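Novice: First, the structure itself, so that you have it in front of you.
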Amino acid sequence: MASRGQVSAGVITCGYHGLGFNETGQCIANPHGAVPRVARVERLAAVERHGILWVWLGTAETAQCSLIPDLSFLARGTPLTMRAGYMHTRANYQLCVDNILDLSHADFLHPASLGGGAATRARCKVTKTETGLNLSWDMKNEVPLPVIGCEYPGYERLDLWIDVIWTPPGIMYLEAGGGPPGTAAINTFNVHIMMPEGAAATHYFYCNVRNFRVDDADFHEHVSEMLRDAFESEDKPMLEAQQLRIGDRDVDQLKPMLLGSDAGPVAARRMLVARIAEEQANQSVQ
Ligand SMILES: [Fe+2]
């Protein structure tokens with residue numbers, strides 16, 4: 033159980049019986065006797081970028097760092113502008129992806145923080161890219177989302193926007209901002225990362241950075257708690273309830289009724305099906 037071990041000077045030592053393995057996975061130390069040559073652990077390619085450890089689950093020789101999305105905004109965050117969070121969610125990762133690719137849900141699930149009706153009234157523009165999808169909600173002269181509107185007390189209408197870049201299978205970079213027409217607007221930079229854990233659970237990571245009130249500790253706490261509450265007390269229970277209802281059935285086989293706001297999730301699911309089929313075909317010819 034090297035995964036329960038400790039790393040020191042490039043050697044990972046098994047936490048159970050003390051065998052040591054080098055960076056190639058080869059066993060190089062055995063406190064119980066001769067080093068067994070056949071003892072190896074699987075080696076996966078990994079690289080650290082944007083403060084995140086990226087692991088390539090295919091063969092190390094085929095690893096492509098160029099597929100890592102640009103999350104350089106994370107380096108611009110400061111203790112008073114950035115907050116990261118994690119929630120273990122008992123729902124399939126695609127349900128979690130659907131959640132971010134259809135932000136109209138915020139109008140109903142997060143009325144006190146991220147909703148206001150604008151995302152439902154706006155038509156989401158979905159664009160296919162070489163790597164995934166871009167989605168954008170352009171909301172002119174709209175009711176402010178509370179998280180943006182709190183910066184503009186007294187304004188009943190603002191110009192708002194949300195742009196999402198989806199990198200399959202489960203990484204979403206979001207910019208969301210707004211302001212009175214014709215003025216310098218405020219912006220937020222966000223990432224949501226869905227890492228599957230089996231068919232019905234997801235390691236859900238998120239991080240938010242803002243470019244306004246950058247020295248205001250009280251405001252930072254207020255906004256961070258508002259977002260944490262939206263994700264952990266509203267999204268997570270809804271996603272888990274959805275999974276409970278679906279059980280171990282395949283969503284597509286349930287023939288779900290589609291709404292206009294499902295354009296993003298549907299495009300993403302179709303792209304994933306095609307990518308998975310392509311990957312499996314490539315594996316079968318190797
Ligand atoms: Fe949400």
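Quick note, the sequence shown lines up with residues 33 to 318 if you use the numbering used here. We put the CB at the ideal spot given by N, CA and C, even for glycine. Since this is a predicted model, take the numbers as computed values, not measurements.
#1: Assess contact between the stretch 170-178 and the stretch 97-114, defined as three or more Cβ pairs (one per stretch) separated by less than 8 Å. Is contact present?
#2: Within a Cβ cutoff of 6 Å, which residues of the same chain sit near S168, ignoring the five residues on either side of it in sequence?
#3: Considering only the alpha carbon of each residue, which of T215, Y236, G181 and A231 lies closest to H224?
#4: Could you name the residues that DSSP lists as bridge partners for R219?
#5: Taking only three categories from DSSP, how would you classify S13?
#6: Counting only runs of 3+ residues fully inside the stretch 229-312, write out the beta strand (DSSP E) ranges in chain order.
#7: Within this structure, are the beta carbons of S293 and S136 separated by less than 8 Å?
#8: Look at the alpha carbon of T45 and the alpha carbon of V73, and state the distance between them as a whole number of angstroms.
#9: What residue from G181, W86, V241 and E80 has the CA that sits closest to Y206's CA?
#10: What is the DSSP secondary structure of H64, counted as helix, strand or coil?
#11: Would you mind working out which of V67, Q58, Y48 and M114 sits nearest N243, comparing C-alpha positions?
#12: How big is the Cα-Cα spacing for W193 and L304?
#13: Tell me whether the beta-carbon of N166 lies closer than 8 Å to the beta-carbon of A232.
#14: Quickly, what does DSSP pair L165 with across the bridge? List them, please.
#15: Which residues in the same chain have their Cβ closer than 8 Å to the Cβ of A217, if we skip the five residues on either side of it in sequence?
#16: Measure from the alpha carbon of A71 to the alpha carbon of each residue in N54, G83 and S316, then state which is nearest.
#17: Quick one: what's got a C-beta closer than 7 Å to A144's C-beta in the same chain, skipping five residues either side?
#18: By how many angstroms is the C-alpha of S316 removed from the C-alpha of E310?
#19: From L133 to T161, what does the alpha carbon distance come to, in whole angstroms?
#20: Following a CB-centred definition, is D267 positioned closer than 7 Å to any heavy atom of ligand 1?
#21: Is any beta-carbon of chain B found at less than 8 Å from that of G147?
#22: Beta carbon of T152, beta carbon of D170: below 8 Å?
#23: Alpha carbon to alpha carbon, how far is L127 from G65?
#24: In the DSSP output, what is F53 paired with across the bridge?
#25: How big is the Cα-Cα spacing for N222 and C239?
Specialist: Working from what's here:
#1: no
#2: K157 and D195
#3: Y236
#4: Just to set this straight, residue 219 is Asn in the shown sequence, not Arg. Per DSSP, G209.
#5: Here the chain has residues from 33 to 318 only, and residue 13 is not among them.
#6: 234-242
#7: yes
#8: 11 Å
#9: Correcting the residue type first, residue 206 is Leu in the shown sequence and not Tyr. Nearest of G181, W86, V241 and E80 to L206, Cα basis: V241.
#10: coil
#11: M114
#12: 26 Å
#13: no
#14: K160 and W198
#15: D191, G209, G210 and G211
#16: N54
#17: P178
#18: 10 Å
#19: 15 Å
#20: yes
#21: The structure shown contains no chain B; it holds only a single protein chain.
#22: no
#23: 50 Å
#24: I44 and C59
#25: 6 Å
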